[in-house]
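To keep things clear, I will list the structure first and then write my remarks on it.
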Amino acid sequence: RTSAVAGAELKLKNADKRHTNDMQENLDGERVKLKNVEREYTKYKQALTNKNESIDVLLGIAKSALSEMLDREHGHTVIDQKIFRAHAQAFEQEFFEDMRRLNVRDPDVLTR
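Here the sequence shown stands for residues 177 to 288, numbered as in the working numbering.
In C-alpha cells form, the structure reads like this:
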C-alpha cells in the first residue's frame, strides 16, 4: 500500500467515526426529548382529570411541546432578530439567577 492510500483510509475511518458519534449524540438528544414529552403528557392527562385545573396550568404543561412544534413548522418565517435576542436574554437572566443562588459570582465580562 502506498502512503496516500493509507492516509485516505485513515481519513475515511476518522470521518466515519465522527459521523457515528454525531449521529449518536443526535439520537441521545431525541431520546431526551421523547422522555420530556412523555413526562409532560403524563402531567397533562393528570391535569385533565382535575376539572378545576386552570388553562395556565395546562398551557404550562404543553409549553415545551408547543414550542418545538411551532419552531419546526414556522421557525423559518421569523426574521426579526429582536425575537432571538429577547429569547436568549430571558435564558441568560435565568442562568445568572441560578448561579447567584449557588453563590457563583457574575462574570466580569460577557461576550456575545
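Here a beta-carbon is modelled for each residue, glycine too, at the ideal position from N, C-alpha and C.
Residue closest to residue i, alpha-carbon to alpha-carbon, out of the options
| i | options | result |
| --- | --- | --- |
| VAL302 | TYR217, ARG248 and MET275 | Because the chain in this structure spans residues 177 to 288, residue 302 falls outside the shown range and cannot be described. |
| ARG261 | ARG288, ILE231 and LEU224 | ARG288 |
| LYS211 | ALA241, ALA264, LYS227 and MET245 | ALA241 |
Beta-carbon proximity check, residue i vs residue j, cutoff 8 Å
| i | j | result |
| --- | --- | --- |
| ASP256 | PHE272 | no |
| LYS209 | ILE237 | no |
| GLU229 | ALA223 | yes |
Start and end residues, alpha helix (DSSP H) containing residue i
| i | result |
| --- | --- |
| ILE259 | 257 to 277 |
| THR218 | 179 to 225 |
| SER158 | Here the chain has residues from 177 to 288 only, and residue 158 is not among them. |
Beta-carbon proximity list for residue i, same chain, < 6 Å, skipping 5 on both sides
| i | result |
| --- | --- |
| ASN190 | none |
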